[in-house]
Every structure is written in structure tokens, then in C-alpha cells.
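S.K.: For reference, the structure I am asking about is given below.
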Amino acid sequence: MTYKAEAPTRKSDQLGFRPKRFWKTVAVSESDGGFDVRLDGRGVKTPQGRALVVPTKALAEHIAAEWQAVGEHVNYEDMPLTRLGFAAVDRMNDVVEETVVEVLR
501 MTYKAEAPTR KSDQLGFRPK RFWKTVAVSE SDGGFDVRLD GRGVKTPQGR
551 ALVVPTKALA EHIAAEWQAV GEHVNYEDMP LTRLGFAAVD RMNDVVEETV
601 VEVLR
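End of the sequence shown sits at 605 in my numbering; the numbers just go up one at a time, nothing left out.
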């Protein structure tokens, strides 16, 4: 007997919703503590609303290339480095916040 594993999907994906591309330009800029990707001059935000800042210019340029390649609608399944960056920033900040709360007790 074989089983086929399927990738988990977001509820918005199940409903067929994908955000429309709203930007014309994609750029990389130096930011506090690293580099960020700019869409029409505005920094990319994670799902939790944090700034997506990565440690190297090369990584930021690869993420920028993913955003540049987006067609009419954003499909995060086609953006593995962006997803990885989102997870790293959001999860790391959660760990830092939990640690600070624990230390202050």
C-alpha cells in the first residue's frame, strides 16, 4: 500500500485567492543588520508584519529575483527563499521575545 503526501495549503489557497502583483520595481537595499528587498521602495513584510531583513546581499538578491519573477498573482509556492526568510524572521523573533519574558521573570 502506498500513500501520497500532499503539501499543506493555506485556507486562502483553497479558496483560490492569491494576492495581485502591485509593484513595478524590485530592489535590494542595505538595512539595519542586513539587507532587504524593496517593492516600489517599500520593504517586504513577513506574514506577522515584521521587516524581512536577511544577513547577506546575495540572499537578498535571490529573494528579489523571486519577487521580480512573479506574474499577475503572487504564488508563494514558487518562492522558496521568500518563505524560508519569512519563517526565519518570524520564528526567531518569537524565540527572542519568549526568552526576554523568561529572563525578566
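Here a beta-carbon is modelled for each residue, glycine too, at the ideal position from N, C-alpha and C. Here the structure is a predicted model, which means the values were calculated and not measured.
#1: Could you pull out every unbroken alpha helix (DSSP H) segment of at least 4 residues lying fully inside the segment 549-597, listed in chain order?
#2: May I have the straight-line CA-CA distance separating residue 557 from residue 528, to the nearest angstrom?
#3: Nearest-angstrom Cα distance between residue 549 and residue 590?
#4: Express the C-alpha separation of residue 602 and residue 583 in angstroms, rounding to a whole number.
#5: Which class does residue 526 belong to by DSSP, given the choice of helix, strand or coil?
#6: Among residues of its own chain, excluding the 5 on either side of residue 561, which ones have a beta-carbon nearer than 7 angstroms to its beta-carbon?
#7: Check each candidate in 568, 517, 518 and 592 and name the one with the smallest Cα separation from residue 540.
#8: From 526, 533, 555 and 559, pick the residue whose C-alpha is nearest to that of residue 543; which is it?
M.R.: The relevant details are as follows:
#1: 557-568
#2: Mapped onto the sequence shown, residue 557 falls at position 57. Mapped onto the sequence shown, residue 528 falls at position 28. Taking the straight line from one Cα to the other gives about 8 angstroms.
#3: What you label residue 549 is simply residue 49 of the sequence shown in a count that begins at 1. What you label residue 590 is simply residue 90 of the sequence shown in a count that begins at 1. If you take the alpha carbons of residue 549 and residue 590, they lie about 9 angstroms apart.
#4: Residue 583 sits at position 83 when you count from the first residue of the sequence shown. Residue 602 sits at position 102 when you count from the first residue of the sequence shown. Spanning the two alpha carbons is a distance of roughly 28 angstroms.
#5: For this step, residue 526 is matched to residue 26 along the sequence shown. Of the three classes helix, strand and coil, the one that applies to residue 526 here is strand, per DSSP.
#6: Counting from one through the sequence shown, the residue named residue 561 turns up at place 61. The answer, listed in chain order, is 528.
#7: The residue given as residue 540 occupies position 40 in the sequence shown. Out of 568, 517, 518 and 592, 568 has the C-alpha closest to the C-alpha of residue 540.
#8: Here the question's residue 543 lines up with position 43 in the sequence shown. For residue 543, the nearest C-alpha among the options comes from 526.
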